[in-house]
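Chains as they are written, first to last, in the numbering used here: chain A, 129 to 485; chain B, 129 to 485. Heads up, the beta-carbon is just placed ideally off N, CA and C, and yes, glycines get one too.
2 protein chains.
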Amino acid sequence: MAKRDETQVRMEDVAKLAGVSVITVSRALRQPGKVVEQTRTKIMQAVEQTGYIPNLVAGGLASQRTNVVGAVIPTITNSIFADTIRGMSDVFAAAGMQLLLGTSGYSLLREEELVAAMLGQRASALILTGATHSKRTRAYLERARIPVVETWVVDQRPIDLRVGFSNFDVSYAMVRHLASSGYRRIGFVSAPVKANDRAEARLRGYREAARDLGLTYKRSYERQAAFSFRHGAEVFVDLVESEPALEAVYFANDILAIGALLEAQRRGIAIPDHIGIAGFDDVDLASEVNPGLTTVRLPRYEIGRVAAELITKTLMGDPVPSKIVDLGFQIIQRGTTRPPRPEPDAPKLPKRARASR
Amino acid sequence: MAKRDETQVRMEDVAKLAGVSVITVSRALRQPGKVVEQTRTKIMQAVEQTGYIPNLVAGGLASQRTNVVGAVIPTITNSIFADTIRGMSDVFAAAGMQLLLGTSGYSLLREEELVAAMLGQRASALILTGATHSKRTRAYLERARIPVVETWVVDQRPIDLRVGFSNFDVSYAMVRHLASSGYRRIGFVSAPVKANDRAEARLRGYREAARDLGLTYKRSYERQAAFSFRHGAEVFVDLVESEPALEAVYFANDILAIGALLEAQRRGIAIPDHIGIAGFDDVDLASEVNPGLTTVRLPRYEIGRVAAELITKTLMGDPVPSKIVDLGFQIIQRGTTRPPRPEPDAPKLPKRARASR
DNA sequence: CTACACGATGTTAGCGCTAACACAAACAGA
DNA sequence: TCTGTTTGTGTTAGCGCTAACATCGTGTAG
Chain A
129 MAKRDETQVR
139 MEDVAKLAGV
149 SVITVSRALR
159 QPGKVVEQTR
169 TKIMQAVEQT
179 GYIPNLVAGG
189 LASQRTNVVG
199 AVIPTITNSI
209 FADTIRGMSD
219 VFAAAGMQLL
229 LGTSGYSLLR
239 EEELVAAMLG
249 QRASALILTG
259 ATHSKRTRAY
269 LERARIPVVE
279 TWVVDQRPID
289 LRVGFSNFDV
299 SYAMVRHLAS
309 SGYRRIGFVS
319 APVKANDRAE
329 ARLRGYREAA
339 RDLGLTYKRS
349 YERQAAFSFR
359 HGAEVFVDLV
369 ESEPALEAVY
379 FANDILAIGA
389 LLEAQRRGIA
399 IPDHIGIAGF
409 DDVDLASEVN
419 PGLTTVRLPR
429 YEIGRVAAEL
439 ITKTLMGDPV
449 PSKIVDLGFQ
459 IIQRGTTRPP
469 RPEPDAPKLP
479 KRARASR
Chain B
129 MAKRDETQVR
139 MEDVAKLAGV
149 SVITVSRALR
159 QPGKVVEQTR
169 TKIMQAVEQT
179 GYIPNLVAGG
189 LASQRTNVVG
199 AVIPTITNSI
209 FADTIRGMSD
219 VFAAAGMQLL
229 LGTSGYSLLR
239 EEELVAAMLG
249 QRASALILTG
259 ATHSKRTRAY
269 LERARIPVVE
279 TWVVDQRPID
289 LRVGFSNFDV
299 SYAMVRHLAS
309 SGYRRIGFVS
319 APVKANDRAE
329 ARLRGYREAA
339 RDLGLTYKRS
349 YERQAAFSFR
359 HGAEVFVDLV
369 ESEPALEAVY
379 FANDILAIGA
389 LLEAQRRGIA
399 IPDHIGIAGF
409 DDVDLASEVN
419 PGLTTVRLPR
429 YEIGRVAAEL
439 ITKTLMGDPV
449 PSKIVDLGFQ
459 IIQRGTTRPP
469 RPEPDAPKLP
479 KRARASR
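Spelled out as structure tokens, the structure:
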């Protein structure tokens, strides 16, 4: 064996100093109620004096459970996910659990590696982003028999739990909103859809709404752009130049939309008089730019909080009321698009989008 | 004992299926070169067939080391730290290490809890933000005898390793830059300095530069504001209204500065003609707003990358050339401030700031 | 006064893996 | 041929902790 590091304080050292057995120390630390006041005091003093920090690796092996929860997000650069992580962190910190974070970079293979690593750490539960996973990832998760929460999605069959909203519905609703403001020729700038079911659902929502509402729709009204202000600016210029008839451009995220807005400002393109701009996410900046960005507010923090709550509940053996939690959304009308017109006499728009395809 | 979970595949199951001993399986997975091709193939097939995932908790206990590195950042909401984490993640992912992330919310007590939890997980190394830690945190770290990297700072005595730049020097340099553009009355909006040595160093840099350069300096030229566009907007309005003589306002981060710039836009305050604005960080948005924001570019990603590289090197037993790595910075002149004037005949400004106080 | 419950603490036996050493077979050099 | 070395694999003994059961003392009811 690896010779043990003699300098490391073990539970045994604390026990000797306090004049009790190791199990009593273990109990004093984990279930203080089971140890009498006086003994506990002695033990805590010994802990203090030695600077003892319990070895959770050994504890995890012996008890067959850890206080670690793994979470995989596509990227940490997008502040969207930062809010979700904050939601998780707040709950897990209060529950004394550790968050093991990994970023997949929108790669299913990397997600698979991360899931394997987290299962290797014997994480008590896993939080993933989206509903698309490799076959092997699914196999791992099924065999692991731990709570798994897929976030930012609610449609389809969950592996276990699911917390989010319908990207399809939101996107559909935004197009409906723009249509109700009188826009008939609406362009769409998608995020890259590769290995990103949320982006793909937003694209579908746009297409189906455009069709259902009888808008002018051409494939050339669509573009795809990676997540950055710069890409938003570039794709916007390309789009308005090649499709001058467009009345509004709807972007799959606020960063692209704001990039476009700032570019329009530079080029003297009047927003919303010449063309409307809409985003998706309602980031802080969306209400600060001039004019303010019409967008969709999403329950970013809530997704993380609820996901973590479902997990802590499940781990404590409490039943959860529902395996799928839809947290909804809210269209935010601001100055980058014309305000909606008062309802015409016969509102022939579908009342609500279908729940995906 | 906790009865073992019979459904969990162990190394023994793989070994039986492959017709070898467990140690051979262990070696095949960790040091493939030590096992002959044919045996390894048999073992890998058995791994595949059973869906075996090595129990790193058991492995960590037996070997007395883990592939986990802990990192504590103040907040994940600030995209600044996101870049640093990306730097770490890229290196650790390539090295097959796991990142255990915690957010302290600028609380030394919370940092202490996180450090204790991470040491409890027997993390192989720790990455902290800043140089200010509680007494107990320092005691933990000294006893732990693992590599510890403090980031975003280089001054003073490190616990072990340190990667960043001098916030004092950067701030000093920015004020010097503004002065060289002819600004004499420069306001400063600090981030909250409580438990934030970087913010405090930036404030000191501003004050000392103002004094050294003979600028007009009044305590009422200073404000403090929490990290958000909105706070930047509000504090800017307050400052220009109560101190109308101000020629420029220098913000301790770009988010505050951009919030101010957008507010100025709304109120028709001409930037930079009426008043100059400068930031700190060079976020993506800084080059997109109109006019572009004068700011300081920091090696955000590099800090994370270098910190992680120092750790992987140290863990592999390679010596590191230096315990402290200063990654420098770069002033970025854009449109929110007047351009620097050509050097006057007698440049009596100090050539370089002192390395802190 | 005995029997029994209960609360507090201790003893024992692993959890699944790896370090160190052991050993057998194959090979090389004298 | 013998010896030493190298290579591949196995045996043994934990790593530090906790679950389960054991034990001991005290209080309480009959």
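For residue i, the three-state DSSP class (helix, strand or coil)
i: phenylalanine 355 of chain B; result: coil
i: arginine 425 of chain B; result: strand
i: glycine 258 of chain B; result: coil
i: arginine 238 of chain B; result: helix
i: phenylalanine 293 of chain A; result: coil
i: glycine 230 of chain B; result: strand
i: threonine 465 of chain A; result: coil
i: arginine 168 of chain A; result: helix
i: aspartate 454 of chain A; result: strand
i: threonine 279 of chain A; result: strand
i: glutamate 371 of chain A; result: coil
i: aspartate 366 of chain B; result: helix
i: valine 197 of chain B; result: strand
Cutoff 8 angstroms: residue i Cβ touching any chain A Cβ
i: lysine 479 of chain B; result: Caution applies to lysine 479 of chain B, whose pLDDT of 42 falls short of 50 and renders its modelled position unreliable; the value that the coordinates give is listed next. With 8 angstroms as the cut-off, lysine 479 of chain B does not count as an interface residue toward chain A.
i: phenylalanine 364 of chain B; result: no
i: threonine 465 of chain B; result: no
i: leucine 390 of chain B; result: yes
i: asparagine 357 of chain B; result: Sequence check: residue 357 of chain B is phenylalanine here, not asparagine. Answer yes: the Cβ-Cβ gap between phenylalanine 357 of chain B and chain A drops below 8 angstroms somewhere.
i: glutamate 430 of chain B; result: no
i: isoleucine 231 of chain B; result: The amino acid at residue 231 of chain B is misidentified as isoleucine; the sequence shows threonine. By this cut-off, threonine 231 of chain B is an interface position.
i: glycine 188 of chain B; result: yes
i: leucine 413 of chain B; result: yes
i: proline 427 of chain B; result: no
i: asparagine 295 of chain B; result: no
i: valine 185 of chain B; result: yes
i: alanine 244 of chain B; result: yes
Residue-chain proximity (residue i, chain B), Cβ-Cβ < 8 angstroms
i: asparagine 381 of chain A; result: no
i: glycine 404 of chain A; result: no
i: glutamate 529 of chain A; result: The question about residue 529 of chain A has no answer, for chain A in this structure spans 129 to 485.
i: valine 317 of chain A; result: no
i: lysine 210 of chain A; result: The displayed chain sequence assigns alanine, not lysine, to residue 210 of chain A. Yes, alanine 210 of chain A lies at the interface with chain B (some Cβ there is under 8 angstroms from its Cβ).
i: valine 368 of chain A; result: no
Inter-residue CB distance, residue i and residue j (contact presumed, cutoff 8 angstroms)
i: valine 281 of chain A; j: glycine 292 of chain A; result: 5 angstroms
i: glycine 463 of chain A; j: glycine 420 of chain A; result: 5 angstroms
i: phenylalanine 379 of chain A; j: valine 317 of chain A; result: 5 angstroms
i: glutamine 461 of chain A; j: arginine 425 of chain A; result: About 11 angstroms separates the two Cβ atoms, so there is no contact after all.
i: asparagine 381 of chain A; j: aspartate 412 of chain A; result: Their Cβ separation, rounded to whole angstroms, is 14 angstroms, which puts asparagine 381 of chain A and aspartate 412 of chain A out of contact at 8 angstroms.
Assigned exposure category for residue i - 16 Cβ within 10 Å defines buried
i: proline 478 of chain B; result: In this prediction, proline 478 of chain B scores a pLDDT of 46, lower than 50, which makes its location untrustworthy; the coordinate-derived value is nonetheless stated afterwards. Classification of proline 478 of chain B: exposed, given that the 10 Å Cβ count is below 16.
i: glutamine 226 of chain A; result: buried
i: serine 207 of chain B; result: buried
i: proline 475 of chain B; result: Note that proline 475 of chain B scores a pLDDT of 45, beneath 50, so its modelled location is shaky; the value from the coordinates is reported in the next line. By the neighbour-count rule (16 or more Cβ atoms within 10 Å), proline 475 of chain B is not buried but exposed.
i: glycine 404 of chain B; result: buried
i: methionine 139 of chain B; result: buried
i: arginine 339 of chain A; result: exposed
i: lysine 263 of chain B; result: exposed
i: histidine 402 of chain B; result: exposed
i: glutamine 249 of chain A; result: buried
i: glycine 492 of chain A; result: Residue 492 of chain A cannot be examined here, being either before or after the span of chain A that is shown, 129 to 485.
i: glycine 342 of chain A; result: exposed
i: threonine 344 of chain A; result: exposed
i: methionine 246 of chain A; result: buried
i: methionine 444 of chain B; result: exposed
Residue from the options with nearest C-alpha to residue i
i: glutamate 391 of chain B; options: B:Glu371, B:Phe364, B:Ser294, B:Arg466; result: B:Phe364
i: alanine 398 of chain A; options: A:Tyr378, A:Thr465, A:Leu289; result: A:Thr465
i: leucine 145 of chain A; options: A:Ser356, A:Val196, A:Pro160, A:Thr169; result: A:Thr169
i: glutamate 336 of chain A; options: A:Gly233, A:Ser217, A:Ser299, A:Ile439; result: A:Ser299
i: asparagine 295 of chain B; options: B:Thr265, B:Leu289, B:Gln284; result: B:Gln284
i: asparagine 195 of chain A; options: A:Thr440, A:Arg332, A:Leu455, A:Arg395; result: A:Thr440
i: glutamate 350 of chain A; options: A:Arg394, A:Pro320, A:Ile274; result: A:Pro320
i: leucine 237 of chain B; options: B:Asp211, B:Ala210, B:Pro202; result: B:Pro202
i: serine 348 of chain B; options: B:Glu240, B:Val368, B:Arg428, B:Phe357; result: B:Val368
i: glycine 179 of chain A; options: A:Ile452, A:Val163, A:Ala210, A:Asp141; result: A:Asp141
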